[in-house]
Amino acid sequence: MKFVFFHLMPYPYLPDDFDEAYSSPSLTFPNKHFDREIGNKLYHRYLDELEHAETVGFDGLAVNEHHQSAYGLMPSPNLMAAALARRTERAQIMVLGNAIGIRGNPLRVAEEIAMLDHLTDGRIVSGFVRGIGWEYFAHSVNPTRSRARFNEAHDLIIKAWTSDEMFQWTSPNYEYRYVNLWPRPLQQPHPPIYIPGAGSSETFQFVAEHGYTLMSVYAPSRVIQRWFDGYRQVVAELGHPPDPSKIAFSVPIYVAPTDEQAHREAEPQLGWLFRKGLKQGPEIVFPPGYMSPASLRGVLSSGAKPFAELSYEELLTHGYAVVGSPDTVVNRLGELQNTLGFGQLIGLFAIGGMSHAQVVASTELFAAEVMPALKALGTTR
Amino acid sequence: MTDTKEITEEYLEFPDGRVHLLRGGTGEPVLFLHAAGGAGQWLEFHELLARRFEVFAPDHPGFGGSDELPEVEAMDDLVYHYLDVIDRLGLDRPHVVGASFGGWIAAELAVAAPHAIGSLVLLSAAGLRLPDHPVTDIFFLTPPQLADALHHDPAKAAAFLPAEPDIEMALAAYRDMTALARFSWNPFLCDPKLERRLRRVTAPTLVVWPDDDKVIPIAHGHRYAERIPGARFAVVPDCGHAMYFERPAAFGEITTDFLAGVTR
């Protein structure tokens, strides 16, 4: 099992009237609520937590990209990766991922990741995402072109990383007459690629054909099981050997000495994450054309509850989050691993408005008492 | 809806798909270009026009019953598409009536091919970029917010929303909005070059605006009327952007009276 410490870098200090007054912490939530002094300290605190995770034994430190949102303060995950690059030595630095669907100039992503590969001495991991629906509003990118832009940007970036000759690039959304990347990345043929996201059969095909890593996002474990099974089926159909290390389960985790303490401390913070951080209406999550008709039909007919309507008990029993004493967390993650068959665990340890002390304590308990018990899992399936 | 027995439903075949078309009435041809909503619907407004004219009401590519035509991906493609539609239907300088998004298409058509159309009626037309009078971001609105934005009369707004959640209706609406976004996400519902090109319009033109338009401010109507040579301007009182959904008789009468007075 590979263990990753994933930070969302939330801004948890929402106004008291947030629930009544604002439809979401994203896109239009006024930036006057970003307190400069508090925000400044948060960045340093959060980077400290990522660096600390390496010292206690995590294999990877992960960051991601979001725009115009209190849900996450990383419009540029590559800057965060750069901040970590020379303060860490062993762990992979994982950008999960760059939102290449909304980038005006995806060649810039190829350049920055190549630089990061050198700054980390070959420890960079490059995730690619389309970007959340609201980010197509935020960066004024046409969501009806989202899939095409993602696919074209991906193909361009991979070719830019791997080509030894200058080339010309022409695709419906991008045109470059001179592509000639300096620097080339250190890792060969290029840094490992992760594809976070929900599961369509097209995505499984794409990830499996390229040998990338599939990473889950917030969903009940029965849905994640369907994704991972679908992905494994495509891998088998392609004749590739099964490889659990290419399947990453991401989940919020909180560990405390006792179950009672863990639940008492985690419940309000998971409430923040799912009821405030992820508060967002379909009009900003699914802008027109962002979803294929089949995917939208699936969402509309799934009957899945909106995050905000899930009770704390449902968050735990459905596998949206894992909370408890070390023993409880070992058992629950072991159970989920047995069902889902993942070989990488990407934990969100800084949840909502958790204090620095809580995050550090949970991270340390996890590393000391949970990791060793799970280490051997996920190597075969 | 008064008289539907003479309406025909047909399809125009194109290389990548087909276009759905409703046709009714007799008289001089009127090409009606629908708004973001209303594709595939023959309404009281259509019926009023059809008492005096032969009305052709196609669904734009990707809307209503029309296929998404991959080669029609931007406004310039839509203009060529409608020049093709006019030719395919054998129309000789039809009157062109466009509402909202369809009004934008109509204005572009009148600019690109001034001599191909007999007259132009713009009903709260999109298409202009007036930074001091921004168009409401209809992509961002929840269904109740959209209902309020479209209507003057709260009772009409309430009636606009489906009583029960309906997946098929939601998917059809998402498909129409996706088609709209393809043409108009960015630049948002406009062609920044359109305003300066409006002087090319030679067709007799009427610009009509509802007085309580909360989607496209009436300043856009004034600007259209200023820039199109000889254009007339009319206001329909107590009405929102939904126009002929909200006050079909008023819009039917104003449009019919103008078209009847045009010498093509």
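From first to last, the protein sequence lines stand for chains E and Y. Under this note's numbering, think of the first position of the first sequence as 1, with each following residue one higher. Under this note's numbering, think of the first position of the second sequence as 1001, with each following residue one higher. Ideal Cβ placement from N, Cα and C applies to all residues, glycine included.
At the level of alpha carbons, what is the spacing between residue i and residue j?
i	j	result
D259 (chain E)	A70 (chain E)	29 Å
P1134 (chain Y)	I1216 (chain Y)	7 Å
W161 (chain E)	I113 (chain E)	9 Å
D1191 (chain Y)	G72 (chain E)	35 Å
T1002 (chain Y)	S311 (chain E)	Because T1002 (chain Y) carries a pLDDT of 47, less than 50, the predicted location of this residue cannot be relied on, and no value is offered for it.
S362 (chain E)	V329 (chain E)	11 Å
I1117 (chain Y)	F1258 (chain Y)	15 Å
R1051 (chain Y)	F1045 (chain Y)	10 Å
E369 (chain E)	P326 (chain E)	6 Å
V1111 (chain Y)	V1085 (chain Y)	17 Å
P15 (chain E)	L156 (chain E)	43 Å
Y174 (chain E)	A1260 (chain Y)	49 Å
G378 (chain E)	A262 (chain E)	26 Å
L1078 (chain Y)	L1033 (chain Y)	11 Å
Q1145 (chain Y)	F1233 (chain Y)	29 Å
F1160 (chain Y)	F1140 (chain Y)	18 Å
H66 (chain E)	A256 (chain E)	29 Å
I195 (chain E)	V207 (chain E)	7 Å
H320 (chain E)	L374 (chain E)	According to the sequence as given, residue 320 (chain E) is Tyr; it is not His. The straight-line gap from Cα to Cα measures roughly 19 Å.
Q344 (chain E)	S221 (chain E)	15 Å
Y136 (chain E)	R1264 (chain Y)	45 Å
R1182 (chain Y)	L1048 (chain Y)	31 Å
D1132 (chain Y)	Y1224 (chain Y)	15 Å
Let me know if residue i comes out buried or exposed under the rule of 16 or more other beta-carbons within 10 Å of its beta-carbon.
i	result
R1023 (chain Y)	buried
I346 (chain E)	buried
D1176 (chain Y)	buried
E1164 (chain Y)	exposed
L1109 (chain Y)	buried
P30 (chain E)	exposed
I90 (chain E)	Checking the displayed sequence, the identity of residue 90 (chain E) turns out to be Arg instead of Ile. Burial call: exposed.
T170 (chain E)	exposed
S26 (chain E)	buried
Q233 (chain E)	exposed
S163 (chain E)	exposed
T1026 (chain Y)	exposed
D1213 (chain Y)	buried
A350 (chain E)	buried
T1142 (chain Y)	exposed
I100 (chain E)	buried
M74 (chain E)	buried
A1179 (chain Y)	buried
S301 (chain E)	exposed
W182 (chain E)	exposed
D1137 (chain Y)	exposed
N64 (chain E)	buried
L79 (chain E)	exposed
I132 (chain E)	buried
With which residues is residue i paired in a DSSP beta bridge?
i	result
Y1011 (chain Y)	Y:H1020
R1232 (chain Y)	Y:L1206
V125 (chain E)	E:M94
L1033 (chain Y)	Y:G1098
Y254 (chain E)	E:V323
E1054 (chain Y)	Y:P1029
G298 (chain E)	DSSP, once it has assigned bridges, lists no residue as partnering G298 (chain E).
Q344 (chain E)	E:K2 and E:A248
S26 (chain E)	E:S69
G974 (chain Y)	Residue 974 (chain Y) is absent from the structure shown; chain Y starts at 1001 and stops at 1264.
What residues of chain Y sit near residue i, judged by a beta carbon separation below 9 Å?
i	result
G289 (chain E)	Y1174, M1177, T1178, A1179, A1181, R1182 and W1185
F58 (chain E)	Chain Y residues near F58 (chain E): none, gap ~39 Å exceeds 9 Å.
Applying a beta-carbon distance threshold of less than 7 Å, which residues of chain Y neighbour residue i?
i	result
G211 (chain E)	By Cβ distance, chain Y contributes nothing, its closest Cβ being about 31 Å from G211 (chain E), past 7 Å.
L296 (chain E)	L1171 and Y1174
S140 (chain E)	N1186
F137 (chain E)	F1140
So which residues of chain Y does residue i contact, with C-beta pairs closer than 8 Å?
i	result
E283 (chain E)	F1139, F1140, L1141 and T1142
P293 (chain E)	L1171, Y1174 and R1175
P143 (chain E)	A1181 and W1185
Can you name the residues of chain E whose CB is closer than 8 Å to the CB of residue i?
i	result
I1167 (chain Y)	R297, L300 and S301
Margin query: Which runs of the alpha helix (DSSP H) at least 4 residues long sit entirely within the stretch 1069 to 1124 of chain Y? Give them in chain order.
Written below: 1075 to 1088 and 1101 to 1112
Margin query: Please give me, in chain order, every unbroken run of the alpha helix (DSSP H) with length at least 4 that falls completely inside the stretch 50 to 109 of chain E.
Written below: 77 to 85
Next item on the list: Note down, one range per segment and in chain order, each beta strand (DSSP E) of at least 3 residues found wholly within the stretch 157 to 224 of chain E.
Entry: The qualifying runs are 167 to 171, 174 to 179, 193 to 196 and 213 to 215.
Notebook entry, point to check: Where in the stretch 237 to 293 of chain E do unbroken runs of the alpha helix (DSSP H), each at least 4 residues long, occur, reported from the N-terminal end onward?
Noted result: 259 to 271 and 282 to 285
Notebook entry, point to check: For the stretch 1217 to 1261 of chain Y, which segments carrying the alpha helix (DSSP H) assignment without a break, of at least 4 residues, lie completely within its bounds, in sequence order?
Noted result: 1218 to 1227 and 1248 to 1260
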